[in-house]
Structure formats: structure tokens, C-alpha cells
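Residue numbers for the sequence shown follow our numbering, beginning at 864 and rising by one.
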Amino acid sequence: MRSYRKNSHSQYDLKVHLIWIPKYRKRILIGKVSERTRDLLRQICMEHEVHIISGKISCDHVHMFISYKPQISLSKLVQYLKGISSRILLQEFTHLRKQFWGAPSS
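Below is the structure:
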């Protein structure tokens, strides 16, 4: 039996399996970077009322199976997940900037 979520005027069961990789599929999602990525993705999902059904962060890719509300488009949700997490990770882990953009890691 499906478990539908309800709004005042609708019932829905929107689920999607997302997979994405870092630029050049570099193996950077290890240690503290992996832990921080997991925390950021959970935080972003909570802010946008997205339920994480399952997820895994490997060294070179991220899997997420999520359920989301119809009020947010899938493309916007992916933009939030990837954009916000990427920006914060590049600010907190300066060595990543040099790996991806050749910028000084100061």
C-alpha cells in the first residue's frame, strides 16, 4: 500500500533517486568532507521539507532517494542541494578550490 502525503488540496507521492558526482569524478568525498556533505544535505532537506528515504556518500559520488512536495520543482531542489552544499564546502575546505579551479588555497 502506498503512503501518500497530503496537503489541503492534494495527495502526492513524489520520489526520486538522485545521483551526482564531483567535477572530473575526483575522489574528494572522504573523511571530514564526507561528514560535512552529509550534514549539509540533511540540513538543506529539512529546510525545504524534503524527506530522505535513503542516501549514501561514496568517495566519488552521492546517492539520495528522496520524497518531496509538489510545491518545489525537481530542478530547483537539485539546484539547492548541489549549489548550497558546493558553495559551503568550497568555503570551509579551501584545498578543494585549488583541486577544482586552480585557485590559491589561502
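We put the beta carbon where it would ideally sit given N, CA and C, even for glycine.
Taking the C-beta atoms as reference points, I891 is found nearer than 8 angstroms to Q962. For the beta strand (DSSP E) assignment, the uninterrupted runs of no fewer than 3 residues enclosed by the segment 918-967 are, from N- to C-terminal side, 925-931. Of the residues assessed, S938 falls on the exposed side of the cut-off, its CB having fewer than 16 other CB atoms within 10 angstroms. Of all C-beta pairs linking the segment 950-959 to the segment 913-924, fewer than three are shorter than 8 angstroms, placing the two stretches out of contact. The segment 874-905 is shown to contain whole beta strand (DSSP E) runs of 3 or more residues at 877-883, in chain order.
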